[in-house]
Structures are given as structure tokens and as C-alpha cells.
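Letter 397 of the sequence shown, counting from 1, is numbered 397 in full-length UniProt numbering, and no numbers are missing. We put the CB at the ideal spot given by N, CA and C, even for glycine. The structure displayed is predicted, hence computed values, not measured ones. Working notes, structure below.
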Amino acid sequence: MPSPLLFDFHNKIITVPIADSSLDVQFLIDEIRSAEQNLAPGIAYNKIADAFGKQDLGGGVRVGITVVLLDGWKVAFAARPGPSTVSVTISGGNFVGEAGANPISPTAYTQVTVAQSTSATLVSSEADTNLVYLVETLRSMHPAFGTAYYWDPDNGNDANAGTSPSTAKKTFAATQALTSSGNNDVIFCRPTGSGGTSTSTETLNITTNNLKVRGPGNSMQLIPTATTDPTVTIAANNVEVSGFYIQTAATGSQNAISIEGNNILARDCWVGSSQNHGVTITNSARFRMLTSVIENCEGNGINLGNNTTQALISKAIIYNCQNGILLSGTTVNDNIIENSLIYKNTAYGISIGTGVNRTSVRSQNTIINNTSGNTTDSGTDSYIETPTGGASASEIADAVWDEVISSHTTSGTTGRALKDTKLKATLASIK
Numbered sequence: 001m002p003s004p005l006l007f008d009f010h011n012k013i014i015t016v017p018i019a020d021s022s023l024d025v026q027f028l029i030d031e032i033r034s035a036e037q038n039l040a041p042g043i044a045y046n047k048i049a050d051a052f053g054k055q056d057l058g059g060g061v062r063v064g065i066t067v068v069l070l071d072g073w074k075v076a077f078a079a080r081p082g083p084s085t086v087s088v089t090i091s092g093g094n095f096v097g098e099a100g101a102n103p104i105s106p107t108a109y110t111q112v113t114v115a116q117s118t119s120a121t122l123v124s125s126e127a128d129t130n131l132v133y134l135v136e137t138l139r140s141m142h143p144a145f146g147t148a149y150y151w152d153p154d155n156g157n158d159a160n161a162g163t164s165p166s167t168a169k170k171t172f173a174a175t176q177a178l179t180s181s182g183n184n185d186v187i188f189c190r191p192t193g194s195g196g197t198s199t200s201t202e203t204l205n206i207t208t209n210n211l212k213v214r215g216p217g218n219s220m221q222l223i224p225t226a227t228t229d230p231t232v233t234i235a236a237n238n239v240e241v242s243g244f245y246i247q248t249a250a251t252g253s254q255n256a257i258s259i260e261g262n263n264i265l266a267r268d269c270w271v272g273s274s275q276n277h278g279v280t281i282t283n284s285a286r287f288r289m290l291t292s293v294i295e296n297c298e299g300n301g302i303n304l305g306n307n308t309t310q311a312l313i314s315k316a317i318i319y320n321c322q323n324g325i326l327l328s329g330t331t332v333n334d335n336i337i338e339n340s341l342i343y344k345n346t347a348y349g350i351s352i353g354t355g356v357n358r359t360s361v362r363s364q365n366t367i368i369n370n371t372s373g374n375t376t377d378s379g380t381d382s383y384i385e386t387p388t389g390g391a392s393a394s395e396i397a398d399a400v401w402d403e404v405i406s407s408h409t410t411s412g413t414t415g416r417a418l419k420d421t422k423l424k425a426t427l428a429s430i431k
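Here it is as C-alpha cells:
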């Protein structure tokens with residue numbers, strides 16, 4: 001939301017606060033009418049502006065709005081500290097002064113562009129909104145029904161409005177500042193570098209509920225130089241992050257992605273390396289990680305920690321981490337791993353810790369060539385299908401025999417025995 005405008009009735013100046021670098025003509029007239037009707041100084045002064053247009057022509061088309069400042073009133077953007085000049089814009093209709101007067105009051109280190117409407121009519125947002133809803137309802141989850149904003153790490157400018165590809169912001173932080181919590185807004189990352197691959201050294205701290213952050217894929221790389229924060233932190237609910245290549249800084253001990261929020265979707269991401277975990281999740285229900293790759297992590301590929309429930313990891317590739325996936329902590333319940341390739345990790349492919357409940361490892365996982373073993377289960381009521389890669393000889397032996405054979409190779413030792421559950425199942429099958 002733009003900041004309220006400031007009215008100087010003595011000098012007849014309407015100031016756009018320094019936090020904003022753009023002014024919409026409709027917002028301007030709304031603020032003027034509020035000043036005229038509700039502010040005490042407005043009673044003692046003449047009318048500030050006239051406005052024309054907005055008549056409905058049918059078919060979702062309206063006459064464009066024109067605002068005319070009267071009686072010497074002008075608009076100014078708050079002065080900047082310099083030394084660089086900031087580009088600011090007025091758009092969304094026609095904006096003029098009475099009798100051809102200049103409606104702009106100059107200020108230090110600002111350059112004002114008035115983007116006048118080139119047409120006498122404006123298409124209403126109703127048709128655009130309908131199209132947005134039609135397109136977004138095709139998505140299986142996390143539709144973005146709100147406002148679209150644009151982030152260009154290469155050629156963006158934080159002084160831009162951020163509401164179109166050509167006015168993209170340069171940093172994620174400045175772009176997120178435009179969004180509203182719960183509005184289902186979307187930020188499109190649109191790098192325009194000429195090299196084909198763009199890199200941002202910024203860390204992303206996502207704090208807006210229901211925000212969707214969508215990138216173009218591996219051509220957009222998030223590789224920070226700072227070691228103070230994870231590359232991507234999600235501290236909100238109903239957030240989507242998709243279409244990025246992600247690493248941590250080359251030193252330090254940070255995670256690539258840190259999640260603490262409900263109903264989070266991470267899709268089509270590639271974690272290339274991490275000084276700690278690839279993805280760590282705590283205090284989260286219904287986390288989804290789909291069609292993503294995690295590799296070369298000093299810690300675990302995916303670390304499901306305290307208070308993580310009903311997570312789904314599907315169609316993931318996890319390689320060369322400590323454990324491919326570790327489930328450990330309190331209230332780690334009802335999580336599902338399916339259709340994933342987990343291989344060549346230095347500990348286990350999947351490790352289920354004590355007190356973890358009702359983990360399901362199902363549906364054609366390939367878990368193979370992990371150093372300590374493909375799976376280890378100390379949880380309660382776990383369901384682990386035999387992975388496509390097959391069980392190793394040691395895993396089969398551990399599952400069938402009570403103890404290792406070497407403990408029973410000398411004369412006089414107790415004979416080997418099948419585990420009770422295996423024994424009962426075997427006896428039942430031959431009755």
C-alpha cells in the first residue's frame with residue numbers, strides 16, 4: 001500500500017513520502033477528496049483538483065481518468081539525500097495543471113516522469129482479474145490471486161514501481177515491501193542479464209503470508225556472500241518458492257533453505273550445495289517439496305525437526321549429503337516420502353529417529369548406495385516399502401536375525417533365531 005500523501009495548504013504542495021517512488025492518479029484524487037472533505041484545513045481553501053472520466057462504456061472498458069490540479073496546487077516527491085538521482089513516476093491516467101500550468105514541484109535528486117494515458121479509454125481490471133483467476137485455478141496448489149510484482153536482480157531499480165517487468169525492483173527486500181499479508185500476491189523474478197545465468201547475492205527473508213515467489217529455473221541462482229543467514233528463510237504461512245538454483249556462501253554453517261511456517265510449497269528448486277542442511281523444517285504442518293534436487297550438503301539433505309507434521313516429499317533427488325532425509329525430534333508425525341531418488345549419501349538414505357510417528361516411505365522410491373545403509377528406523381508405526389534399489393545384504397540380515405552371525409560362531413553359543421514378527425509371519429504362511 002502506498003503511504004498517505006502530505007498536504008501543505010499554505011504552499012499548495014502535495015508531497016509523496018520518500019518511501020514511495022510512484023504515484024497512481026486514482027490514488028491521488030482519492031487522497032485529494034479526503035483532504036477536501038475530512039481535514040479541517042480543507043474547509044478554508046478552494047477546491048484542489050477536478051477529475052474527469054471513468055464512465056463505463058460497457059464490455060469492461062471505461063473512459064480514462066484525468067486529474068487537473070487547480071489554483072496553483074502542485075505535486076512533489078520528497079527530496080532524496082543524493083548524490084544519485086532517483087527516477088519517480090506518475091501514472092494510471094492523465095495528470096495536468098489548470099490552464100496548462102506545470103503540476104510538478106521539483107525537489108532535490110528526483111526526476112519525475114508523468115506517464116500520460118495514450119488512449120481515451122482504459123480497460124477495467126475486471127477482465128484482467130477474471131483471467132488471473134482462470135489461469136491460477138489451473139494450478140494444483142498455491143494459486144496467486146493477488147497482485148503481481150516484478151524483481152530483476154540484474155537491471156532493476158529499487159526506485160521503480162515494481163508493478164511491471166519494465167519497472168522491476170532490483171532487490172527482493174524492496175519488492176516484498178510492496179506485498180500485503182494474506183493477499184496471495186506473487187513476485188516474479190525476471191532477470192535480464194545478457195549472460196544467460198544471473199546470480200543474486202541477497203538472502204531472502206520471506207515474511208509475508210500467502211506470498212508466492214517464482215523464478216525462471218536454474219538460470220536464476222541465489223548464492224549469497226554473507227554467512228549470517230540462510231539463503232532462503234521462510235517465516236510465514238502459505239508461501240511458495242519455485243524455480244531457483246540455491247547455494248549457501250562458500251564458508252560458514254548456514255542452511256540453504258530454512259522453513260518455519262505452515263502449508264509451504266517448495267517446487268522445481270535445485271540446492272547445489274550447503275554448508276549445513278539443504279532444507280531444514282521446524283514448526284511446520286503440510287510442507288510440500290516437489291520435483292526438486294538437493295546435493296552436496298555438509299548436513300542432511302532434508303532435515304525434518306521438531307513439530308513437523310504431514311510433510312510430503314515427492315519426486316526429489318538427494319545426493320551426497322550426510323543423511324539424505326533425517327526425521328528427528330518431538331512431534332514429528334505423519335510424514336510421507338515418495339517417488340524419490342536418494343543415493344550416495346555418507347550416512348543413511350532415510351533415517352527415522354526415536355519418537356517419530358507414522359512415517360510412510362512409499363511409492364517407488366529408489367534408495368541405494370548410501371554408506372551407512374539405505375534406511376534406518378527407530379520410529380513408531382513406520383511404513384517402509386522395499387525401495388526400487390533393493391535392500392542390501394546387511395539390511396536383510398538385520399531385519400531377519402536377532403543378532404549378527406559373528407556372535408554365534410563358537411561352540412556352545414546360543415543358536416540363531418528369527419525375530420518374533422518374522423517368525424510369526426513365516427509360521428502363518430505355512431499353515
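Cβ neighbour criterion (16 or more within 10 Å) applied to residue i
i	result
N102	exposed
R190	buried
M141	exposed
Y149	buried
residue 435	For residue 435 there is no data in the structure shown, the boundaries of the chain being 1 and 431.
E240	buried
T330	exposed
G272	buried
N11	exposed
D185	buried
S84	exposed
T308	buried
N130	exposed
G64	buried
S274	buried
I405	Below a pLDDT of 50, predicted positions are generally treated as unreliable, and I405, at 49, falls in that range; the measurement from the model is reported next regardless. That one is exposed.
M1	exposed
T192	exposed
N306	exposed
V293	buried
S164	exposed
G196	exposed
D152	buried
G379	buried
Own chain, CB closer than 6 Å to residue i, minus 5 neighbours either side, in chain order
i	result
L222	S200, T231, F244 and I246
T280	N255, S258 and N303
S87	Q111 and A159
L23	V16 and I90
F217	The amino acid at residue 217 is misidentified as Phe; the sequence shows Gly. Around G217: G243.
A19	S3
R288	L265 and L312
According to DSSP, residues forming a beta bridge with residue i
i	result
Q111	S87
C189	W151
G252	Note: G252 sits in no beta bridge, so no partner.
S242	R214 and R267
G97	L69
L138	L138 is not bridged to any residue.
C297	S274
V356	In the DSSP output, where bridge partners are listed per residue, V356 has none listed.
A144	Answer is none; A144 lacks a bridge partner.
G373	Y348
D50	V68
K169	W151
Reference residue i, options the options, closest by Cα
i	options	result
Y348	T228, R362, I367 and G373	G373
L178	I206, E98 and T371	I206
I234	S219, T227 and N262	N262
T386	D71, D158 and T366	T366
G353	T197, T163 and D377	D377
I317	L138, Q275 and Q364	Q364
R139	A108, C269, L312 and L265	L265
G355	N238, I337 and S328	S328
K170	A161, Q176, G162 and N157	N157
A285	L134, W270, Q310 and G162	Q310
For residue j and residue i, believed in contact at Cβ under 8 Å, the rounded distance
i	j	result
T359	S382	5 Å
P17	A78	6 Å
N183	G146	4 Å
N320	N300	So it is not a contact: roughly 12 Å between Cβ atoms.
N333	N370	With a Cβ gap of about 24 Å, N333 and N370 do not count as contacting.
N209	S181	5 Å
W73	I14	7 Å
G97	V25	Contact doesn't hold; Cβ gap of about 13 Å is too wide.
I350	I368	I350 to I368, Cβ: 12 Å. No contact.
M220	S194	Their Cβ separation, rounded to whole angstroms, is 14 Å, which puts M220 and S194 out of contact at 8 Å.
L211	A236	7 Å
Sequence-distant residues of the same chain with beta carbon closer than 7 Å to residue i, five excluded per side
i	result
T227	A249, T251, G252 and Q254
H277	N255, C297, G299, N300 and N303
I384	V361, T375 and D377
Own chain residues within Cβ distance below 8 Å of residue i, not counting five before or after
i	result
I430	With a pLDDT of only 42 at I430, under the threshold of 50, the placement of this residue in the model should not be trusted; the figure read from the coordinates follows. Nothing listed; no residue qualifies.
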